[in-house]
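*Asks:* From first to last, the protein sequence lines stand for chains X and G.
Sequential numbering from 1 applies to the first sequence in the working numbering.
Sequential numbering from 1001 applies to the second sequence in the working numbering.
Cβ atoms here follow ideal geometry from the backbone N, Cα and C, with glycine treated the same way.
On a predicted model such as this, the values are computed, not experimentally measured, just so you know.
There are 2 protein chains.
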Amino acid sequence: MKEKMTEIPENLKKSVLVKIKPTPYEQKCLFNVADYLIKRTSSIASELNLTGVSARLVGSAARGTWLSGTHDLDIFILFPEDTDPEYLEYYGLKIARKVAEESDIWQEQYAEHPYISLKFKGYDVDLVPCFRVSYASNIKSAVDRTPFHNEFIKENIKGLEDDVLLLKQFMHGIGVYGSELKTRGFSGYFAELLVIYFGSFDNLLISACDWYPGMTIDMMGHGTLNHEEPFIMIDPTDPRRNVAAALSVDKLAEFVDKSRSFLEHHSKDFFFPKPVIPLTDSEIKNRLKLRNSSMVAIVFETPDVVEDVFYPQLYKMENSVPSLLENHDFSVSNTGSWAGNYSVILMELLNSTLPNVKKHQGPPVWIHKHADKFKAKYKDSGNIFSMYIENGSYIVEKVRKYTDVKTLIESKLLTCSLGKHTLKSIKKGFEVLEDDEICRVKDPEFRIYLRKWL
Amino acid sequence: MKEKMTEIPENLKKSVLVKIKPTPYEQKCLFNVADYLIKRTSSIASELNLTGVSARLVGSAARGTWLSGTHDLDIFILFPEDTDPEYLEYYGLKIARKVAEESDIWQEQYAEHPYISLKFKGYDVDLVPCFRVSYASNIKSAVDRTPFHNEFIKENIKGLEDDVLLLKQFMHGIGVYGSELKTRGFSGYFAELLVIYFGSFDNLLISACDWYPGMTIDMMGHGTLNHEEPFIMIDPTDPRRNVAAALSVDKLAEFVDKSRSFLEHHSKDFFFPKPVIPLTDSEIKNRLKLRNSSMVAIVFETPDVVEDVFYPQLYKMENSVPSLLENHDFSVSNTGSWAGNYSVILMELLNSTLPNVKKHQGPPVWIHKHADKFKAKYKDSGNIFSMYIENGSYIVEKVRKYTDVKTLIESKLLTCSLGKHTLKSIKKGFEVLEDDEICRVKDPEFRIYLRKWL
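1) What first and last residue would you give for the beta strand (DSSP E) that runs through Arg240/X?
2) So, with DSSP's three-state summary, where would you put His71/X?
3) Taking the alpha carbon of Ile1389/G as the reference point, which residue from Lys452/X, Glu101/X, Tyr115/X has its own alpha carbon closest?
4) By Cβ distance below 7 Å, which residues in the same chain neighbour Met233/X in space, the five residues on each side in sequence not counted?
5) Mind reading off the beta-carbon distance from His360/X to Lys398/X? Whole number of angstroms is fine, and I expect it under 8 Å.
6) Is there a C-beta anywhere in chain X that falls below 9 Å from the one on Ser1294/G?
7) Hey, could you find the ends of the beta strand (DSSP E) Gly1362/G is sitting in?
8) Does Trp366/X have its Cβ less than 9 Å from a Cβ in chain G?
9) Within the same chain, show all residues whose beta-carbon is closer than 7 Å to that of His1266/G, passing over the 5 residues directly before and after it, in chain order.
10) Let me know the alpha helix (DSSP H) ranges lying completely inside the segment 70 to 119 of chain X, each 4 residues or longer, listed in chain order.
11) Which residues, in chain order, does the segment 1236 to 1254 of chain G contribute to contact with chain X at a C-beta distance below 7 Å?
12) Quick one: give me the first and last residue of the beta strand (DSSP E) that Ile1234/G is part of.
13) Evaluate Leu1048/G with the Cβ neighbour count: other Cβ atoms within 10 Å of its Cβ, from every protein chain shown; 16 or more gives buried, anything less gives exposed.
14) So what does DSSP say about Phe201/X, is it helix, strand or coil?
15) Roughly how far, in whole angstroms, is the beta-carbon of Ile284/X from the beta-carbon of Leu450/X, given that I think they are within contact range, below 8 Å?
16) Is the Cβ of Tyr1212/G closer than 9 Å to any Cβ of chain X?
17) Taking the Cβ atom as the reference point for each residue, do Phe310/X and Phe170/X lie within a distance shorter than 9 Å?
18) Just tell me which of Gly185/X, Glu229/X, Pro147/X, Phe272/X has its CA closest to the CA of Leu17/X.
19) Is the beta carbon of Ile66/X sitting closer than 9 Å to the one on Pro22/X?
20) Could you check what DSSP says for Glu3/X in three-state terms: helix, strand or coil?
21) Closest to Ser425/X by C-alpha separation, out of Glu301/X, Lys379/X, Leu127/X, would be which residue?
22) Cβ of Leu1193/G within 8 Å of any heavy atom in the ligand COA?
23) Tell me, please, whether the CB atom of Lys359/X is closer than 9 Å to any CB atom in chain G?
24) Starting from Asp380/X, find everything on chain G with Cβ-Cβ shorter than 8 Å and list it in chain order.
25) One question on the structure: do Ile1345/G and Thr1335/G come within less than 9 Å of each other, judged by their Cβ atoms?
26) Comparing C-alpha positions only, which one of Ser337/X, Gly159/X, Asp304/X sits nearest to Ser320/X?
27) Where does Val321/X sit, in a helix, a strand or coil, going by DSSP?
28) Under the rule that 16 or more other beta-carbon atoms within 10 Å means buried, what is Asp1144/G, buried or exposed?
29) Checking 9 Å against the spacing of the C-beta atoms, do Leu1078/G and Leu1057/G come in under that value?
30) Considering just the uninterrupted stretch of the alpha helix (DSSP H) at Phe186/X, what are its terminal residues?
31) For Asn1226/G and Pro1236/G, what's the separation of their Cα atoms in angstroms?
32) May I have the straight-line CA-CA distance separating Lys1358/G from His1328/G, to the nearest angstrom?
33) Taking just the CA atoms, how far does Val1128/G sit from Pro1303/G?
34) Helix or strand or just coil, what does DSSP make of Val256/X?
35) Please name the residues in the segment 312 to 331 of chain X whose beta-carbon is closer than 8 Å to at least one beta-carbon of chain G, in chain order.
36) Could you tell me which residues DSSP pairs with Cys439/X in its beta bridges?
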């Protein structure tokens, strides 16, 4: 690791920590609630005559690495390793439901196994049944890994908690924090491992300036598989797993870029960026006029599924619709997507109309059979402008079917590669807006997105 | 060679031959003139006390393969092989000039060596001094080869003269006859060799239906070099030479395509195509409206050089200007070129205008040094819309310099790769016409070209 002569001022870090580090009172409140829920869970298990079942606080709350103001509690209900999965699901939920009866609101959620989310005294609590396995590599379901992560971090994070808080807030401020599929950034566990590995927030940022795709950190030296993701951080509790699997190349690049910028110009703005104000109608119109490009937006109702299911479908659509347009000779220079109650795919084009004539390449003259077929097909077609030979191949100039982008989208959108829920929603209806018409999308969050995108 | 069950009707061939085969009277007139000029050349050589100098009729006239109505006579003045080149040039021209004194008009021409063109009793005569070498492979200049071609054809063409006439007229009718750099088609010698090799006009056309690029004919089996051209016909008089070197891939393809069509539908139109009528202004406007594309023409004065020098420069320009446009994000779908007193480069575009914003890709974020340089360059530039990261690389959205094609051409045409004479002419002035403005080019030959191109 190359050492640079850059030091982050201590008072800057202190002034950030003042805002993000939970106060002793905040900590006490949280642990009181956590203790109560753990005891309650255990006693319900006893009441049900379940043996070997225990409850444990995991996640950033358990590790002292949670940001002030966040109120998330992850409480895992651990069952013996040899428990029958159906038995675990049944009794796990039974216990969790009973705990939830005391809560304000609660609902069942489904990942690999069902679990329960509830609101309790202002905290967002997840009650998650899992197997207590002996090694992380023996896990039966993804959540079984969490207790191992918890142990590893707790054992190694001592004295580095503030550095983790600074890193999380920095990542949050520059928009790369969160490994859910909407963000594809850094998970909390990943951030903690980075601080442990590099020893401090400062050292980590200095190192990040020279990161590159394919970079691998394997702190236990036990990795066994090849990983193709942009960044590889082998899980110290599981040699087969890449902790950074969700990180996209652009979020990685963003982190590298912002680490450099921050080390050049220390500023609290990286941790607490100035709020972005929604674009007004006249700002939108003014920007469109300055760019003088063709703007197209597809608007449809956001399907009612969890974000981790929907966002990959939205991003898929953000790729597949421009492909449709490019296949029909339109040039798409930028794409964007946003989702609230409705979803928007944005595309910026060099031009929104095309000539009536479309050049279509046929077979080389030398492929006699194909040549005969091609000529026969177009010979008596009244629908072509001309046929000629160019670079040894036949060219036919046809009448173009779609000369404007709106008609193309309206006619062919359903042929694009779309996710299941997106397709269903689009089948119910969608709207294509051009240029100034995007002002009809009023949602302030969309307008905030637009300020960065447009 | 694959035999097909296609027979060209004898009466069709006869009716073509009636029009293209010189009558006995026409032949007599031509040979009288040729004899006179040969004798005159010899006697002048004698008067000058030159020994070993003789004159000889070569070319299609000497071989009985010239088309009725053409009046070309190639008379070569042969000097002994060991003649000093300067001596040959001096006395060769001296003899030719003296012969030319009797002619209506004459002028000196320059190929590898100077020669004289003259009009004599209605015939276009070339008087060409050359070396009488012992083998074609010993030639000192390209013209020395001609007497060898002459001998080879004369020895092998007997009985096939009509087939050569049919082939030449067929090639002429479909626009592939002539090996000059304007046409890049088939030379007369090439046509004669094809008839000799395939044995008849019919067999040749049947074979041509299955020709392909890279096809090689080496009738003497003596070829020594690798040739890269689309068609290879090793010169029976020179193992190193490809007789088909000038043939372009599209003229080859055109011949293949038209051979197939003719064998399917025998018609005299292939030999004598209907005359093409110049496009009128209203036809131009109508076609442009139907295509609804953007048309651009660059018009400049044709430089005063021979066609074999100019046409390669014109075709070069027809490639280099579209490259300029494509480099500036315009999409060129078709190109064309024409030359008369002035020259025209034609381009058809998907659109003639572009947005003000231009996406410019910078270095990958990971190349730290380049990244720093790139960011520093654009950091305080007021001239950009935005900077962001896409697929791991920086993108800057700049203000586009050329948003319409006419301004681009007017500003940057001289930066295109242009031939010497073309560049000189364009420096004197040029005009860019858009869409209907091409009606301002009135030359009927241009309008004939347009009917095929547009």
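*Replies:* Checking against the coordinates, here is how it stands:
1) One-based indexing of the first sequence puts residue 240/X at position 240. Here the beta strand (DSSP E) through Arg240/X covers 238 to 242.
2) Here the question's residue 71/X lines up with position 71 in the first sequence. Of the three classes helix, strand and coil, the one that applies to His71/X here is coil, per DSSP.
3) Residue 1389/G sits at position 389 when you count from the first residue of the second sequence. Comparing Cα-Cα distances from Ile1389/G to each of Lys452/X, Glu101/X, Tyr115/X, the minimum goes to Lys452/X.
4) What you label residue 233/X is simply residue 233 of the first sequence in a count that begins at 1. Within the same chain, Cβ atoms closer than 7 Å to the Cβ of Met233/X are found at Phe190, Leu193, Ile217, Asn242, Val243, Ala244, the five residues on either side in sequence being excluded.
5) Within the first sequence, residue 360/X is the residue found at index 360, counting from 1. Within the first sequence, residue 398/X is the residue found at index 398, counting from 1. By a beta-carbon distance limit of 8 Å, His360/X contacts Lys398/X. Their separation comes to about 5 Å.
6) Residue numbering aside, residue 1294/G sits at position 294 when the second sequence is read from its first letter. At least one CB of chain X lies nearer than 9 Å to the CB of Ser1294/G.
7) Here residue 1362/G refers to the residue found at position 362 of the second sequence. That run of the beta strand (DSSP E) goes 1357 to 1364.
8) Here the question's residue 366/X lines up with position 366 in the first sequence. Taking Cβ atoms only, chain G reaches closer than 9 Å to Trp366/X, which makes this a yes.
9) Mapped onto the second sequence, residue 1266/G falls at position 266. The residues are Ile1008, Pro1009, Leu1012.
10) Within the segment 70 to 119 of chain X, the complete alpha helix (DSSP H) runs of at least 4 residues are 85 to 100.
11) Cβ contacts with chain X come from Val1249, Asp1250, Ala1253, Glu1254.
12) Here residue 1234/G is taken as the residue at index 234 of the second sequence, counted from 1. Its beta strand (DSSP E) spans residues 1231 to 1235.
13) As a first step, residue 1048/G must be located in the second sequence, where it is residue number 48. Leu1048/G should be labelled exposed.
14) Translated into positions along the first sequence, residue 201/X becomes position 201. Assigned with DSSP and collapsed to three states, Phe201/X falls in helix.
15) As a first step, residue 284/X must be located in the first sequence, where it is residue number 284. As a first step, residue 450/X must be located in the first sequence, where it is residue number 450. Confirmed, about 7 Å.
16) Translated into positions along the second sequence, residue 1212/G becomes position 212. Tyr1212/G has a beta carbon lying within less than 9 Å of a beta carbon in chain X.
17) Residue mapping note: residue 310/X aligns to position 310 of the first sequence, counting from 1. Residue mapping note: residue 170/X aligns to position 170 of the first sequence, counting from 1. Between Phe310/X and Phe170/X, the gap from beta carbon to beta carbon reaches 9 Å or more.
18) As a position in the first sequence, residue 17/X is number 17, starting the count at 1. When only C-alpha atoms are compared, the closest one is Phe272/X.
19) One-based indexing of the first sequence puts residue 66/X at position 66. One-based indexing of the first sequence puts residue 22/X at position 22. Per the sequence presented here, residue 66/X reads as Trp, with Ile not at that position. Cβ distance < 9 Å, so Trp66/X and Pro22/X count as in contact.
20) For this step, residue 3/X is matched to residue 3 along the first sequence. Caution applies to Glu3/X, whose pLDDT of 42 falls short of 50 and renders its modelled position unreliable; the value that the coordinates give is listed next. Coil.
21) Residue numbering aside, residue 425/X sits at position 425 when the first sequence is read from its first letter. For the residues Glu301/X, Lys379/X, Leu127/X, the minimum Cα distance to Ser425/X belongs to Glu301/X.
22) This structure simply doesn't include the ligand COA, nor any ligand for that matter.
23) On the first sequence, residue 359/X is found 359 positions in, with the first residue counted as 1. For Lys359/X, a Cβ of chain G is located within less than 9 Å of the residue's own Cβ.
24) Against the first sequence, residue 380/X aligns to sequence position 380. Under a criterion of Cβ atoms nearer than 8 Å, no residue of chain G is adjacent to Asp380/X; the nearest Cβ is some 13 Å distant.
25) Translated into positions along the second sequence, residue 1345/G becomes position 345. Translated into positions along the second sequence, residue 1335/G becomes position 335. In this structure, Thr1335/G lies closer than 9 Å to Ile1345/G by Cβ.
26) Here residue 320/X corresponds to residue number 320 of the first sequence, with the count starting at 1. Nearest neighbour of Ser320/X by Cα position, chosen from Ser337/X, Gly159/X, Asp304/X, turns out to be Ser337/X.
27) Translated into positions along the first sequence, residue 321/X becomes position 321. In the three-state reduction of the DSSP assignment, Val321/X falls in the helix class, which pools H, G and I.
28) In the second sequence, the residue the question calls residue 1144/G occupies position 144. A residue is called buried once 16 or more other Cβ atoms fall within 10 Å of its Cβ, and Asp1144/G is buried on that count.
29) Here residue 1078/G refers to the residue found at position 78 when the second sequence is read from its first residue. Here residue 1057/G refers to the residue found at position 57 when the second sequence is read from its first residue. Against a cut-off of 9 Å, the Cβ pair of Leu1057/G and Leu1078/G comes out as no contact.
30) What you label residue 186/X is simply residue 186 of the first sequence in a count that begins at 1. Careful: Phe186/X lies outside any alpha helix (DSSP H) and carries neither H nor E.
31) Stepping through the second sequence from its first residue, residue 1226/G is reached at position 226. Stepping through the second sequence from its first residue, residue 1236/G is reached at position 236. Taking the straight line from one Cα to the other gives about 16 Å.
32) Translated into positions along the second sequence, residue 1358/G becomes position 358. Translated into positions along the second sequence, residue 1328/G becomes position 328. Cα-Cα distance, rounded: 9 Å.
33) In the second sequence, residue 1303/G corresponds to position 303, counting from 1. In the second sequence, residue 1128/G corresponds to position 128, counting from 1. Distance between the alpha carbons of Pro1303/G and Val1128/G: 26 Å.
34) The residue labelled residue 256/X in the question sits at position 256 within the first sequence. For Val256/X, the three-state secondary structure derived from DSSP is helix.
35) The residues in question are Asp329, Ser331.
36) On the first sequence, residue 439/X is found 439 positions in, with the first residue counted as 1. According to DSSP, which records beta bridges pairwise, Cys439/X is partnered with nothing at all.
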